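S.K.: Handing you a structure now.
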Amino acid sequence: MATKQVKLMDIALARSGDKGNGSNVGVIARSPEIYAYLDKELTAARVADHFSEIALGGVTRYDLPNLNAFNFILEESLGGGGTETLITDAQGKVHGLALLHMVVQIDESLLSTIKHD
Amino acid sequence: MNTAKKMIRVANAQGFWGDSLLGPKRLVEEGPVDYLTFDYLSEITMSIMQKQRMRDPDSGYARDFIKMLKMIMPQCRNKGIKLIANAAGVNAPACLAATKQALSEIGLSGVRIGIVEGDDILDRLDSLANEGEELVNMDTGAALASVKDDVISANVYIGAASIVEALQQGADIVITGRASDPSLAVAPLAYEFGWSFEDYDKIAAATVLGHIIECGPQCTGGNYTDWRNVKDFAHIGFPVVEAYEDGSFLVTKHDGTGGLINVESVTSQLLYELGDPARYLSPDCVADFTTIQMEQDGANRVKVHSVKGLPATDSFKVSMSYANGYKILATLCISGPDAIEKAHIVSDMVFARMKMLGADIPEDDRFLELFGSNVLYKGIVESPDQPHEILMRLGAKGKDANKLNVMSSEIAPVLTSGPPGITGFAAGRSRASEVVGYWPALIGKDKIKTTVKVEEV
Chain H
72 MATKQVKLMD
82 IALARSGDKG
92 NGSNVGVIAR
102 SPEIYAYLDK
112 ELTAARVADH
122 FSEIALGGVT
132 RYDLPNLNAF
142 NFILEESLGG
152 GGTETLITDA
162 QGKVHGLALL
172 HMVVQIDESL
182 LSTIKHD
Chain E
190 MNTAKKMIRV
200 ANAQGFWGDS
210 LLGPKRLVEE
220 GPVDYLTFDY
230 LSEITMSIMQ
240 KQRMRDPDSG
250 YARDFIKMLK
260 MIMPQCRNKG
270 IKLIANAAGV
280 NAPACLAATK
290 QALSEIGLSG
300 VRIGIVEGDD
310 ILDRLDSLAN
320 EGEELVNMDT
330 GAALASVKDD
340 VISANVYIGA
350 ASIVEALQQG
360 ADIVITGRAS
370 DPSLAVAPLA
380 YEFGWSFEDY
390 DKIAAATVLG
400 HIIECGPQCT
410 GGNYTDWRNV
420 KDFAHIGFPV
430 VEAYEDGSFL
440 VTKHDGTGGL
450 INVESVTSQL
460 LYELGDPARY
470 LSPDCVADFT
480 TIQMEQDGAN
490 RVKVHSVKGL
500 PATDSFKVSM
510 SYANGYKILA
520 TLCISGPDAI
530 EKAHIVSDMV
540 FARMKMLGAD
550 IPEDDRFLEL
560 FGSNVLYKGI
570 VESPDQPHEI
580 LMRLGAKGKD
590 ANKLNVMSSE
600 IAPVLTSGPP
610 GITGFAAGRS
620 RASEVVGYWP
630 ALIGKDKIKT
640 TVKVEEV
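Chains as they are written, first to last, in my numbering: chain H, 72 to 188; chain E, 190 to 646.
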């Protein structure tokens, strides 16, 4: 089967915010079929590797199959905590879009499962 | 109690302290609403309000709310819209007095104001310690003793029950201290539909509703990945929820407003600041987000149903803030070529000069961020070798504010005594500001007694 290289942004959406000294990134697959694919591909280890210079305390993944979604917790990703840090993105507001820059290899047939408004 | 009503509309008019004043104004003008919620408080706002109160005993609450009341109360009165706001911050008496004053200024009488107190435990920390409430830091496990003398604010996230009580006593406006964000929306539903707090699935559904709307337009197309599909950001609709007695609800917005409501935009907000989705903890219940079902139900309408819940835990969350030294941040714009190299020279130069002036900053307390050199997506996208311009953000932390303030006097001289191509000093001198530490903890529910008082003006 033919595969294609795409950005995660093409097959998923995301939203992020602060959680104590870390942040969370919610990811929504653009179809149930893509959720099933990401269930295998978008592991906590892979996300931790993607954020290796940002999430210094590791990554945990939670699953919400009912919403085709995942929730990633990025530990120690705010340079020391939302109220204390001097970094620009003190609340992890852009971590969602940062994750969507990930490049993935996907079966072309899965791309046709995305409905466009 | 009105249980004959089949559906009630709850809208969130303020997602945070400092949110657009247009929210409440437009919500009362642009379409039907039964309850407006105002969510002003966060960890940081509690400490800001406590500091304001230390300076001025009549402050320490959301003054925006008073401004808002004058703007919308006449219409709320005509339309029978009730208001629920955690506007009292750390000073309920002052907020109540200002509310009465505002209503009298616009000539409204016969308004019933409910006030919910009992969340503020700042004055009880010693006695609570004696009762065995250790208030250890939930994140770090550290004992409170290490920071106890520096605590600025200490508030318990209280639930919806006291707000329900105020509504039962006929309140048109309910003002609370640190009521938890979703509880502001749980209360009107529990009251209108006569739900028991042991009806866990319904309380959980209302908690999910509250979580979805608590950041206002973040569920109606704001901060949304597919932003090109979102129409008219300037007139983005604030969320309005049509809630039903069976616990199901529809997330929508008023006709003619901008924004976008679809399953993805609502789900995006559902995931915001989420921890373990199977155990979303609130003072009212434990909601299981892995049971939520969502469907599109017409244009800009999303139906949410089938939410399952469990009993609340036997503790409340406590949010404390404490003084944790000072920080200072100065900025300069540095142009290329060699902008990054020059920024490091400037940083070294400023810290060396501070040392000459007796303000030596240890390496670990120094901060340098070169915005434009790939700060936000570090390690994710490729960094530019030679950015044409960068914003240098130079900072320091420490216990001594005077020492940090030496930095502010050594920034401007860089322009005449450092490398070329440096500009952007228009903002003027920066000053050291207090670092507020956050201390989350748990407390036994039996230790907290909230009070409800309703009075007519």
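C-beta: ideal position from N, C-alpha, C; glycine also.
Keep in mind that this is a model prediction, so the values were computed, not measured.
DSSP state of E:L285, grouped into three classes?
M.R.: To locate residue 285 of chain E, count along the second sequence from 1; it is residue 96. Reduced to three states, the DSSP call for E:L285 is helix.
S.K.: Mind checking the region 475-503 of chain E against chain H and listing, in chain order, the residues whose C-beta falls within less than 7 Å of any C-beta there?
M.R.: Answer in chain order: F478, T479, T480, I481, Q482, M483.
S.K.: Looking at the unbroken alpha helix (DSSP H) that takes in E:V217, where does it start and where does it end?
M.R.: Counting from 1 along the second sequence, the entry for residue 217 of chain E is found at position 28. Segment 211-219, the alpha helix (DSSP H) holding E:V217.
S.K.: Considering only DSSP beta bridges, list what E:H494 is partnered with.
M.R.: Numbered from 1 along the second sequence, position 305 holds the residue referred to as residue 494 of chain E. In DSSP, E:H494 forms a bridge with E:Q482.
S.K.: Under 8 Å, Cβ to Cβ, is there at least one residue of chain E near H:L157?
M.R.: Here residue 157 of chain H corresponds to residue number 86 of the first sequence, with the count starting at 1. Interface residue, yes.
S.K.: For E:R618, does the count of other Cβ atoms within 10 angstroms reach 16, so buried, or fall short, so exposed?
M.R.: Taking the second sequence and counting its residues from 1, one reaches residue 618 of chain E at position 429. Per the 10 Å Cβ criterion, exposed.
S.K.: Which runs of the beta strand (DSSP E) fall wholly inside the region 103-177 of chain H and span at least 3 residues, in chain order?
M.R.: 130-135, 140-145, all fully within the region 103-177 of chain H.
S.K.: Can you confirm whether E:V397, when its beta carbon is compared against all beta carbons of chain H, has any partner nearer than 8 Å?
M.R.: Here the question's residue 397 of chain E lines up with position 208 in the second sequence. Answer no: the Cβ-Cβ gap between E:V397 and chain H never drops below 8 Å.
S.K.: Taking Cβ-Cβ distances shorter than 7 Å, what residues in chain E pair up with H:A140?
M.R.: Numbered from 1 along the first sequence, position 69 holds the residue referred to as residue 140 of chain H. Within chain E, the residues near H:A140 are T456, L460.
S.K.: Does any CB atom of chain E fall closer than 8 Å to the CB of H:T154?
M.R.: Taking the first residue of the first sequence as 1, we reach residue 154 of chain H at position 83. Yes, H:T154 lies at the interface with chain E (some Cβ there is under 8 Å from its Cβ).
S.K.: For E:N513, decide whether its Cβ has a neighbour in chain H, counting only Cβ atoms nearer than 8 Å.
M.R.: Working through the second sequence from its first residue, we reach residue 513 of chain E at position 324. Judged by the 8 Å Cβ criterion, E:N513 is in contact with chain H.
S.K.: How would you list, in chain order, the residues of chain H whose beta-carbon sits under 9 Å from the beta-carbon of E:T414?
M.R.: Indexing the second sequence from 1 puts residue 414 of chain E at position 225. What E:T414 touches in chain H: M80, A83, L84, A85, R86, I99, G167, L168, L171.
S.K.: List the residues of chain H that E:Y566 touches, going by C-beta distances under 9 Å, in chain order.
M.R.: Working through the second sequence from its first residue, we reach residue 566 of chain E at position 377. Result: I125, V165, L168, A169, H172.
S.K.: Let me see if you follow: with CB-CB separation under 8 Å, is E:I569 close to chain H or not?
M.R.: Numbered from 1 along the second sequence, position 380 holds the residue referred to as residue 569 of chain E. Closer than 8 Å: yes.
S.K.: Rounded to whole angstroms, how far is the Cβ of E:S351 from the Cβ of E:T639, which I believe are closer than 8 Å?
M.R.: By one-based count along the second sequence, residue 351 of chain E stands at place 162. By one-based count along the second sequence, residue 639 of chain E stands at place 450. About 4 Å; that satisfies the 8 Å criterion.
S.K.: With a CB to CB cut of under 6 Å and the five nearest residues on each side skipped, what residues in its chain are close to H:F143?
M.R.: One-based indexing of the first sequence puts residue 143 of chain H at position 72. Correct list, in chain order: V96, V118, V130, R132.
S.K.: Assuming E:G220 contacts E:V429 (C-beta within less than 8 Å), just tell me the rounded distance between them.
M.R.: Here the question's residue 220 of chain E lines up with position 31 in the second sequence. Here the question's residue 429 of chain E lines up with position 240 in the second sequence. Right, their Cβ atoms sit about 7 Å apart.
S.K.: Check this for me: beta carbons of H:L171 and H:L113, under 8 Å apart or not?
M.R.: Sequence index remark: in the first sequence, residue 171 of chain H carries index 100 (1-based). Sequence index remark: in the first sequence, residue 113 of chain H carries index 42 (1-based). Cβ atoms of H:L171 and H:L113: not closer than 8 Å.
S.K.: List the endpoints of the continuous alpha helix (DSSP H) containing E:T520.
M.R.: As a first step, residue 520 of chain E is located in the second sequence; it is residue number 331 there, counting from the start. Looking at the DSSP string, E:T520 is not in any alpha helix (DSSP H); the run it does join, the beta strand (DSSP E), is 504-524.
S.K.: Within 8 Å of any Cβ in chain H, is that where the Cβ of E:F560 sits?
M.R.: Translated into the one-based positions of the second sequence, residue 560 of chain E becomes position 371. So, interface residue.
S.K.: Assign E:P377 to one of three DSSP states: helix, strand, or coil.
M.R.: What you label residue 377 of chain E is simply residue 188 of the second sequence in a count that begins at 1. Helix, per DSSP.
S.K.: Could you check how far apart the C-beta atoms of E:K229 and E:F205 are, in whole angstroms? I think they sit under 8 Å.
M.R.: In the second sequence, counting from the first residue as 1, residue 229 of chain E sits at position 40. In the second sequence, counting from the first residue as 1, residue 205 of chain E sits at position 16. Reading off the sequence shown, one finds Tyr at residue 229 of chain E, where the question assumed Lys. That pair is a contact at about 7 Å.
S.K.: Terminal residues of the continuous beta strand (DSSP E) containing E:L463?
M.R.: Position 274 of the second sequence holds residue 463 of chain E. Run containing E:L463: none; DSSP gives neither H nor E here.
S.K.: What is the residue span of the alpha helix (DSSP H) that E:P551 lies within?
M.R.: Indexing the second sequence from 1 puts residue 551 of chain E at position 362. Note, E:P551: premise wrong, no alpha helix (DSSP H); not H, not E.
S.K.: For H:Y133 and chain E, any beta-carbon pair shorter than 8 Å?
M.R.: Translated into the one-based positions of the first sequence, residue 133 of chain H becomes position 62. True, the Cβ-Cβ gap to chain E drops below 8 Å.
S.K.: DSSP three-state call for E:P602: helix, strand or coil?
M.R.: Along the second sequence, one-based indexing puts residue 602 of chain E at 413. If DSSP states are grouped into helix, strand and coil, E:P602 belongs with coil.
S.K.: Once you ignore the five residues that flank E:N513 on each side, which residues in its own chain have a CB closer than 6 Å to its CB?
M.R.: Working through the second sequence from its first residue, we reach residue 513 of chain E at position 324. Cβ neighbours of E:N513 beyond the five flanking positions: V624, G626.
S.K.: Please report the straight-line C-alpha distance between E:D537 and E:T414, rounded to a whole angstrom.
M.R.: To locate residue 537 of chain E, count along the second sequence from 1; it is residue 348. To locate residue 414 of chain E, count along the second sequence from 1; it is residue 225. The straight-line gap from Cα to Cα measures roughly 40 Å.
S.K.: E:G278 and E:G366 look like a contact to me (Cβ under 8 Å); what is the Cβ gap, rounded to whole Å?
M.R.: Mapped onto the second sequence, residue 278 of chain E falls at position 89. Mapped onto the second sequence, residue 366 of chain E falls at position 177. At roughly 7 Å, the Cβ-Cβ gap stays under 8 Å, so E:G278 and E:G366 are in contact.
S.K.: Here's a check: name, in chain order, each residue in its chain whose Cβ is nearer than 8 Å to the Cβ of E:V336, leaving out the five neighbours to either side.
M.R.: Residue mapping note: residue 336 of chain E aligns to position 147 of the second sequence, counting from 1. Y511, N513, G626, W628.
S.K.: Output needed in chain order: residues of the region 204-234 of chain E with a Cβ under 8 Å from some Cβ in chain H.
M.R.: So the close ones are E232, I233.
S.K.: Quick one: measure Cβ to Cβ for E:T456 and H:I99, integer angstroms, because I've assumed they're closer than 8 Å.
M.R.: Counting from one through the second sequence, the residue named residue 456 of chain E turns up at place 267. Counting from one through the first sequence, the residue named residue 99 of chain H turns up at place 28. The Cβ separation is near 5 Å, so the contact holds.
S.K.: Closest by CA to H:D110, which one among H:T159, H:E155, H:F141?
M.R.: In the first sequence, residue 110 of chain H corresponds to position 39, counting from 1. Of the candidates H:T159, H:E155, H:F141, the one whose C-alpha sits nearest the C-alpha of H:D110 is H:F141.
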